Amino acid sequence: MKFFHSITLCLTFLALSTVARSEVTPAPQVLATEAERVKVVKRASTAAVAIFEGSGQGGGSGVIISPDGFALTNFHVVAPCGAAMKCGLNDGQLYDAVVVGIDPVGDVALIQLLGRDDFPTAELGDSDKVRVGDWAFAIGNPFLLADDFTPSVSYGLISGVHRYQYPAGTLLEYADCLQTDAAINPGNSGGPLFDADGKLIGVNGRGSFEKRGRVNVGVGYAISINQIKRFLSHLKAGRIVDHASLGFTVSTGEIGRVVVDDILETSDAYRRGLRYGDEIVEFAGREITTANALKTALGTFPRDWVTTLTFRRDGQNQQVSLRLPGVHDPAQLIDMIQEQKEKPLDPPDKPKTKPDDPLDEPQEDEEKKPGPGILPDLQKLLKREPAMPAEVKSRYEEVRGYANYWYNRARQQELWDHFRDANSLEQMGATWQIAGKVDAEEFSLKIGPDRAEMRLPTVKSVALFAGELDTQLSPPGSGGLLVALHLWQRMLDKGLQKFGEVFYLGQLPLGASGEMVDCLVGFHTGMEFRLLFSPENGDLVGLEMFPGDDFDPCVVHFSEYADVAGRRLPMRWQVQHGVKPFADLHLTSWQIDTGTPPATKAAN
Amino acid sequence: MNRTLCQIVCPLALLVVLVDFTRAAAADLHEVVRQTQQKVVKIYGAGGLKQMEAYQSGILVSPEGHVLTVLSYVLDTDDLAVVLDDGRKFQPERIGTDPLRELALLKLPLEEGETLPYFDLRQRPEVEIGDRVLALSNLYGIAAGDEPVSVLQGALTAIAPLDARRGSFTTNYHDDVYVVDAYANNPGAAGGALVNWQGELLGLLGKELKSRITGTWLNYALPTANFAESVDNMIAGRANNIEPPSQLPEESLSTELLGIRLIPDVLRLTPPYIDAVRRGSSAESAGLRPDDLIVFAGGKQIASCRALVEELSYHDQRDEIPLLVLRDGGIVEMVLKLAPEAPAEATGETEP
């Protein structure tokens, strides 16, 4: 009887609750909005990656951005992984992945998932359009919960944009980042932040925690996708990428005034005329009203980027084009990365030793480094690197200074071969005899392996290539046109392998106008030499030659390609020293002497 | 009959229109956020040691630049700075304090005739559990210079009396607070605004506190209704006249008259602890006890024995003088009034 009673009760309750439920049926547009959100999240989830360190001890999250498996994550996620990692997708499949490029300052890394050419991808958004009050969601692997690789989703509001979060030393700086109250926990690191439409607007990597332990307290930060877009080609080049600096420092004066309080006389900014006491008005198209705003804007650019700076002196605004130097000396950066990689693994869900540590980022801080020189690092000695999967091995090449040289070599070869083959430049000979017009007058140029001679209307110049090249920077005012041409000729003659040290840098803007070019860099007898290619058709659009770190380069812009005896060659050369025009050369003839041993075999 | 109906229906219709209008006007959350951010300020002051952030938040409560914030060590400096949403920086004047609710009122030195956007404390929007709310503050000091403060979202989860502790001490405020599920009370958030999706102020984000029962961090705000009057009083300067009077009263109060013996005044700032209370004295009948620490007298913060003696000298013997004392980690409120003592018994003293 009692039993029946309870059943009746239950039924009544059920009936009641059904009634109650039907009474609060949400409005159709609410249901529609919900359905739409479910759809967006479902789609976005397919591109989310659960990253595990090879031995399964640590990991984080990532997001795939191209069908061939390139995925973004944090540098601090891949740093302990070495070259290889395991990546789970929400279809339950586990893939091998290899590190491609790293940006330790920006805490970004690019990896490639292997084994498919039709990976689901996230659509890149525009993080500059994100506003406070937008809805956003994070997908990832918090606390490494995704045992079956099904990612966790957390929804929230954009709490702030263009935020700046200080680096630890000089690494892991979050400049111009997005702040959200969508839950970002340890393990979410490297995972995507999507806008309400499912477009990728950032890569989560950091949160403010402080005394509350290492769990979300409503303050997470994502690296803006627009920053990452600038670095992407550099990361794809297998490089360790550095960020840009300025060569000068500023302080905030009275409201809205940012004033140069120190400047390096060797910096590009100094050469462009910036001086102590000048007021910074605009940088890279952004109005600058505080020192913080300048730092925020600057932190989103890779080293070598060219952008505009507007400064005010005596009430007059001046706009100049700046080539941004790096934050680090390259060797210094490599050493720092080495230290990061040697840090002991710390699973992200392990509580901090001191929960009240004023730690502001998911990565371990300075004090947790193994004490070098005090005790031998037992953990490292005992740890046996898991064998690298064959697929990863075939795409990994360890070279000091690179995250993965395999990718760099591939890009170099691809660019150069395409340029050479598309323009039939297999045999460019050892000596060129060139003639043409400059300012409606005649000029001529003869350049061979040891010597060049150029006759311009006003001056005749000679350069010898036997000894130190930095004493041969003629014609005067060109910044070293003959040396630049010599290096180009040498590259055409010897090919990439025999030229000297060569690497592919990535894409940079050609001048402040913003046209992007692929940049191949070579070094020879202390000279840095850059070949700039158009990403559209692979044409060589420019040369840059730097006699030293602190000098303006000699720049040659190539255009008006024409057929010359079966080869396709640029017939207009605009020569600049730094930003100062030197000559606009229109070529009328170009004779190539292939006499002495043809370089067919050498030019690979 | 018709008229009566009309009297009812018309305002109703008007109300419906009004409600609809406010809804429509508030349709864009971005705009609400942007406008509300301009009424929240960043405050920088003392602190900076581990776990003692040198910053907090505040809200503008008058067009003339009155800023309401929480009373804390951050304000204990002559170098206090208030930074507005547009990046302008002010050195504020301290107008008043409400020790019970741990609030402080600052005033920005604005130009003559200049006004700022502000929260009107007389507006009290209806609040229900389940309402969606926004918490605006400079938590973690993230917003620097002219950066707008951070915005977090959540729902109002409870309206309940505050039962909290700071360290091992129970806090003094025991009235209702709004409990929210947003992480509203992070370091630096205290003094920020809790608003609804129309941008109307619901309450002031409180200091970082833990639940006395569960030990978890609380996310809460003091409802506007609980502090609006106190703010009015502070703005009006009632009970908060900081300046010493130009003329001393003919017959001033003194510790001796009231029956208070303070501990020996041996330091420049000897804390005004009560050593003994004379039996049958006004102090005893007001409830003062030995070991009480006097923290406020006549609405003014008292930092030393000397300050207390001075403050008493400003009051006439006929005045009532409100006191706040710290006893067993809690604040006790009382009013002292000089009354004739029974002379026969006025011999002994209660010793601690």
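Taken in order, these protein sequences are the chains called U and S.
Position in the first sequence (from 1) plus 453 gives the number in my numbering.
Here my numbering is used: position 279 in the second sequence is 269, and no number is missing along the way.
We put the beta carbon where it would ideally sit given N, CA and C, even for glycine.
Since the model is a prediction, treat every value here as computed from it, not as a measurement.
Pick from A628/U, Q565/U, A501/U and F602/U: whose alpha carbon is nearest that of E576/U? On the first sequence, position 123 is the one that residue 576/U refers to. When each option's Cα is compared against that of E576/U, the closest is A501/U.
Terminal residues of the continuous beta strand (DSSP E) containing G660/U?
-> Taking the first sequence and counting its residues from 1, the one referred to as residue 660/U is at position 207. That run of the beta strand (DSSP E) goes K652 to G660.
- Message: Using CA atoms only, rank isn't needed, just tell me which of Y163/S, L111/S and A71/S is closest to K197/S.
- Response: Residue 197/S sits at position 207 when you count from the first residue of the second sequence. Measuring from the Cα of K197/S, the nearest candidate turns out to be Y163/S.
I think V970/U touches Q960/U, with their Cβ atoms under 8 Å apart; what is that distance to the nearest whole Å?
Indexing the first sequence from 1 puts residue 970/U at position 517. Indexing the first sequence from 1 puts residue 960/U at position 507. Between Q960/U and V970/U the Cβ distance is about 7 Å, and since that is below 8 Å, they are a contact.
Using a Cβ-Cβ cut-off of 8 Å, state whether P262/S counts as contacting chain U.
Stepping through the second sequence from its first residue, residue 262/S is reached at position 272. No, P262/S lies away from the interface with chain U (no Cβ there is under 8 Å from its Cβ).
**Prompt:** Ordered along the chain, which non-local residues of its own chain (more than five positions away) have a Cβ less than 6 Å from that of D153/S?
**Reply:** Within the second sequence, numbered from 1, the residue matching residue 153/S stands at position 163. For D153/S, where only same-chain residues beyond five positions count, the Cβ hits under 6 Å are R202.
Self-check item: For G205/S and L184/S, the rounded distance between their alpha carbons
Solution: Numbered from its first residue, the second sequence carries residue 184/S at position 194. Numbered from its first residue, the second sequence carries residue 205/S at position 215. One C-alpha to the other measures close to 23 Å.
Sufficient close CB pairs (3 or more, under 8 Å) joining the stretch 311 to 325 of chain S to the stretch 277 to 294 of chain S
yes
**Request:** Check the Cβ-Cβ distances between P804/U and every residue of chain S, and say whether any is below 8 Å.
**Result:** To locate residue 804/U, count along the first sequence from 1; it is residue 351. Here the model assigns P804/U a pLDDT of 35, short of 50, so the residue's position is not dependable and the matter cannot be decided.
Q) When you compare each of G144/S, G157/S and L195/S to V167/S by their alpha carbons, which one comes out closest? A) As a working note, residue 167/S is residue 177 in the second sequence. Here the closest residue by C-alpha is L195/S.
- Task: Quick one: which unbroken alpha helix (DSSP H) runs of 4-plus residues sit fully inside the stretch 274 to 320 of chain S? Chain order, please.
- Result: 295 to 303
**Message:** I'd like to know whether the C-beta atoms of G507/U and K539/U end up nearer to each other than 8 Å.
**Reply:** Residue mapping note: residue 507/U aligns to position 54 of the first sequence, counting from 1. Residue mapping note: residue 539/U aligns to position 86 of the first sequence, counting from 1. Yes; because the gap between Cβ atoms is below 8 Å, this pair is in contact.
Fill in: Own chain partners of W588/U with C-beta closer than 6 Å, once the 5 adjacent residues on each side are dropped
Position 135 of the first sequence, counted from the first residue, corresponds to residue 588/U. Excluding positions up to five away in sequence, the list reads A649.
Pick from D757/U, C972/U and S914/U: whose alpha carbon is nearest that of D1005/U?
The residue labelled residue 1005/U in the question sits at position 552 within the first sequence. Minimum Cα distance to D1005/U is reached at D757/U.
Q.
Strictly below 9 Å CB to CB, what residues from chain S border G613/U?
A. Numbered from 1 along the first sequence, position 160 holds the residue referred to as residue 613/U. Per Cβ cutoff of 9 Å: I132, A133, E137, P138, V139, S140 and V141.
### Query
Considering only the beta carbon of each residue, do A1015/U and V1028/U sit closer than 8 Å?
Here the question's residue 1015/U lines up with position 562 in the first sequence. Here the question's residue 1028/U lines up with position 575 in the first sequence. No, the Cβ-Cβ distance between A1015/U and V1028/U is not below 8 Å.
- Query: With 16 other CB atoms within 10 Å as the buried threshold, where does N770/U fall?
  - Reply: Here residue 770/U refers to the residue found at position 317 when the first sequence is read from its first residue. That one is exposed.
query = Under a Cβ-count criterion, where at least 16 other Cβ atoms within 10 Å of its own Cβ denotes burial, should Q41/S be classed as buried or exposed?
reply = Along the second sequence, one-based indexing puts residue 41/S at 51. It counts as exposed.
Please name the residue in R122/S, L199/S and D281/S whose C-alpha comes closest to that of R155/S.
-> As a position in the second sequence, residue 155/S is number 165, starting the count at 1. Out of R122/S, L199/S and D281/S, L199/S has the C-alpha closest to the C-alpha of R155/S.
**Prompt:** Which first and last residues belong to the beta strand (DSSP E) in which S47/S is found?
**Reply:** The residue you call residue 47/S lines up with position 57 of the second sequence. Per DSSP, S47/S belongs to the beta strand (DSSP E) from Y45 to L50.
Item checked: Under 7 Å by beta carbon: chain S residues contacting Q632/U -> Taking the first residue of the first sequence as 1, we reach residue 632/U at position 179. Neighbours of Q632/U on chain S, chain order: I132 and S140.
What are the residues that DSSP puts in a beta bridge with I517/U? Sequence index remark: in the first sequence, residue 517/U carries index 64 (1-based). According to DSSP, which records beta bridges pairwise, I517/U is partnered with A524/U.
Note to self: Is it the case that the stretch 36 to 53 of chain S contacts the stretch 166 to 180 of chain S, given that we only count it when at least three CB pairs across the two stretches are under 8 Å?
What the structure shows: yes
Checklist entry - In angstroms, rounded to a whole number, what distance separates the CA positions of P645/U and G593/U? => result As a working note, residue 645/U is residue 192 in the first sequence. As a working note, residue 593/U is residue 140 in the first sequence. Their backbone Cα atoms lie some 7 Å apart in a straight line.
Problem set entry | Residue closest to L525/U, alpha-carbon to alpha-carbon, out of F596/U, N641/U, P479/U and E489/U | Counted from its first residue, the first sequence places residue 525/U at position 72. Cα-wise, what sits closest to L525/U is N641/U.
Open item on the list: So, with DSSP's three-state summary, where would you put D788/U?
Closed with: Locating residue 788/U in the first sequence gives position 335, counting from the first residue. Correct three-state label for D788/U: helix.
Notebook entry, point to check: Would you report the Cα separation of L926/U and G979/U, rounded to the nearest angstrom?
Noted result: Taking the first sequence and counting its residues from 1, the one referred to as residue 926/U is at position 473. Taking the first sequence and counting its residues from 1, the one referred to as residue 979/U is at position 526. Between L926/U and G979/U, the C-alpha separation is close to 13 Å.
| task | Could you tell me if E626/U is buried or exposed, where buried requires 16 or more neighbouring beta carbons within 10 angstroms of its beta carbon? | result | Taking the first residue of the first sequence as 1, we reach residue 626/U at position 173. With 16 or more Cβ atoms within 10 Å of its Cβ, E626/U is classed as buried.
* Using a cut-off of 7 Å between C-beta atoms, extract the partners of V670/U located in chain S. => In the first sequence, counting from the first residue as 1, residue 670/U sits at position 217. Under the 7 Å cutoff, chain S gives Y173 and N176.
| When Cβ atoms are compared, which residues of the stretch 20 to 49 of chain S fall closer than 7 Å to chain U? | H20, V23, K40 and Q41
Quiz item: Is L278/S close to chain U, meaning its C-beta is less than 8 Å from at least one C-beta of that chain?
Solution: The sequence position of residue 278/S within the second sequence is 288, counting from 1. Closer than 8 Å: no.
Q. What's the C-alpha gap between R983/U and G706/U?
A. The residue you call residue 983/U lines up with position 530 of the first sequence. The residue you call residue 706/U lines up with position 253 of the first sequence. For R983/U and G706/U, the distance between alpha carbons rounds to 40 Å.
Rounded Cβ spacing between F754/U and D556/U (contact assumed at less than 8 Å): For the purposes of this step, residue 754/U is identified with residue 301 of the first sequence, where counting begins at 1. For the purposes of this step, residue 556/U is identified with residue 103 of the first sequence, where counting begins at 1. With a Cβ gap of about 11 Å, F754/U and D556/U do not count as contacting.
| said: To be precise: take each residue of the stretch 657 to 689 of chain U, compare its Cβ to all Cβ atoms of chain S, and keep it if any distance is under 7 Å. Which residues remain? | reply: S661, E663, K664, R665, V670, G671 and V672
request  = Report, in whole angstroms, the separation of the C-beta atoms of V670/U and N176/S, which I expect to be a contact under 8 Å.
outcome  = Translated into the one-based positions of the first sequence, residue 670/U becomes position 217. Translated into the one-based positions of the second sequence, residue 176/S becomes position 186. The pair is a contact, with the Cβ atoms about 6 Å apart (cut-off 8 Å).
Practice problem: For T1062/U, decide whether its Cβ has a neighbour in chain S, counting only Cβ atoms nearer than 8 Å. | Solution: Nothing about residue 1062/U can be reported from this structure: the residues present for chain U run from 454 to 1057 only.
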